[in-house]
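Protein chains: 2
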Amino acid sequence: MARPGSSKREAIVAATKTLLWERGYEATSPRDVLALSGAGQGSLYHHFPGKREVAAAALTEMAEEEIAVIDALFTPGTPPLERVRAYLTRERQALRGCRLGRLANESAMEEPVLRAPVAAYLGRIQACLRASLEEAAAAGLLAPGIEPPALAAVLIAVVEGGYVLARVHWDEAAMREAIDGAVQVLDGVTRPGA
Amino acid sequence: MARPGSSKREAIVAATKTLLWERGYEATSPRDVLALSGAGQGSLYHHFPGKREVAAAALTEMAEEEIAVIDALFTPGTPPLERVRAYLTRERQALRGCRLGRLANESAMEEPVLRAPVAAYLGRIQACLRASLEEAAAAGLLAPGIEPPALAAVLIAVVEGGYVLARVHWDEAAMREAIDGAVQVLDGVTRPGA
DNA sequence: GTCTATAGGGGGATAGAC
DNA sequence: GTCTATCCCCCTATAGAC
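Chains as they are written, first to last, in the UniProt record's numbering: chain G, 1 to 194; chain C, 1 to 194.
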């Protein structure tokens, strides 16, 4: 039932992934999903109990995909502070918003099944940042008074907040400035070791 | 027409302010507004062309109120870095989200009349932060390599991103940690002058 | 200026044929 | 497993009385 293999199910989930990023949860209707996927009403309600479960399946896939990208970015090979910088400066489509974090202010976050994949994604990023910063701290690269967990929280917050600024000002530069600042701050509280 | 004095108009705008914070723009229907305000259908469409303009009026008032709070926080009397800390550490209801910034990912941001008050509010905060940080820099309190505009962008982004983290993890502590980190970072890149 | 009544369209879901 | 047809309710807005 929740297995892949049925073509329409995959089409429905794929369309939902597109629409959730583009419009969010509340603004995405089953009708839109069916129109974009080419499936009929029956297919959706055959494979899923309702809209929420379709979205949950889509969000789960989205989180898996994005977590894979994050894990690749934080490969243990490179020096810890390089990994952090790579995350901060990776390319982003600021005006589209964070693919998962953009749902933060929707009522969907009150549904555990929808909140979970979003929390897993942002949580993974924060964990990777924290681990890298702790590694840097252990190597004596972090200024005193800076706790790795707190700095990790700052950096993920700057990225998510950067998306907010870009959307509100309708200007990618608003996010770029925040990211630039984060890099300056990172340089300011670390020693040039890496 | 857009004047106050008509009791129902004010009730409608007041109800809209409440609902916009609680549910956002798309999830707030004229019906909800009328039910909460006690007004009838006719009153809303007598005073406003439609939902968008009601929301615009509500957002404008919300921005004015919040900007007044910000301006009070950044009174020129106190030392510049104290003002910045006061902004960072002011009390917030993390799980409710930013009263204006929570609309960032709604389609409402494509409507200039709705985006403008939100942008004005966040823009004002950023300007106040920048001015304070420039004052601190002029007094030699800022570490070299830290540009006031970039640091101002970081700080407003941490706050807005902190709201996102709190909502996504459904935990106020997620925002607190980001704010704590921002204070640590601020201390890390400034000299103890103030 | 405020009210009730009503309308056209879409949202989310179900029925039942194929 | 997929389709079309249909349902009820809410969304946004208009009509027109008071």
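No residue lacks a Cβ here, since even glycine has one placed at the ideal position from N, Cα and C.
Straight-line Cα distance separating residue j from residue i
| i | j | result |
| --- | --- | --- |
| residue 112 of chain C | residue 77 of chain G | 46 Å |
| residue 98 of chain G | residue 182 of chain C | 21 Å |
| residue 172 of chain G | residue 94 of chain G | 6 Å |
| residue 158 of chain C | residue 117 of chain G | 22 Å |
| residue 106 of chain C | residue 162 of chain G | 16 Å |
| residue 191 of chain G | residue 146 of chain G | 12 Å |
| residue 128 of chain C | residue 69 of chain C | 12 Å |
| residue 31 of chain G | residue 149 of chain C | 45 Å |
| residue 43 of chain C | residue 9 of chain C | 7 Å |
| residue 185 of chain C | residue 185 of chain G | 7 Å |
| residue 92 of chain C | residue 175 of chain C | 10 Å |
| residue 180 of chain C | residue 89 of chain G | 23 Å |
| residue 46 of chain G | residue 13 of chain G | 13 Å |
CA nearest to the CA of residue i, picked from the options
| i | options | result |
| --- | --- | --- |
| residue 11 of chain C | C/41, C/23, C/24, C/25 | C/41 |
| residue 63 of chain G | G/30, G/92, G/169, G/21 | G/21 |
| residue 59 of chain G | G/88, G/49, G/24 | G/24 |
| residue 168 of chain C | G/187, G/144, G/142, G/122 | G/122 |
| residue 35 of chain G | G/55, G/19, G/49 | G/19 |
| residue 85 of chain C | C/26, C/137, C/155 | C/155 |
Where residue i meets chain G, residues with beta-carbon distance less than 9 Å
| i | result |
| --- | --- |
| residue 24 of chain C | 26, 105, 106, 107 |
| residue 101 of chain C | 105, 161, 164, 165, 168 |
Under 7 Å by beta carbon: chain C residues contacting residue i
| i | result |
| --- | --- |
| residue 196 of chain G | Only positions 1 to 194 of chain G appear in this structure, which leaves residue 196 of chain G out of reach. |
| residue 188 of chain G | 143, 145, 146, 188, 189 |
| residue 122 of chain G | 165, 168 |
| residue 119 of chain G | 168, 169 |
Proximal chain C residues relative to residue i, where beta-carbon distance stays under 8 Å
| i | result |
| --- | --- |
| residue 113 of chain G | Those do not exist, as residue 113 of chain G stays about 13 Å from chain C at its closest Cβ, beyond 8 Å. |
Listed by chain order, chain G residues near residue i by CB distance under 8 Å
| i | result |
| --- | --- |
| residue 151 of chain C | 181, 184, 185 |
| residue 177 of chain C | 149, 150, 153 |
Interface residues of chain G facing residue i [CB-CB closer than 7 Å]
| i | result |
| --- | --- |
| residue 162 of chain C | 157 |
| residue 97 of chain C | 105 |
For residue i: DSSP bridge partner residues
| i | result |
| --- | --- |
| residue 190 of chain G | G/142 |
Any non-hydrogen atom of the ligand FAD within 8 Å of residue i CB
| i | result |
| --- | --- |
| residue 75 of chain G | This structure lacks the ligand FAD; in fact it carries no ligand of any kind. |
TODO: Give, in chain order, every unbroken run of the alpha helix (DSSP H) that is at least 4 residues long and sits entirely within the UniProt domain "HTH tetR-type" (6–66) of chain G.
DONE: 7–23, 30–37, 41–47
Open item on the list: Please give me, in chain order, every unbroken run of the alpha helix (DSSP H) with length at least 4 that falls completely inside the segment 130–173 of chain C.
Closed with: 148–169
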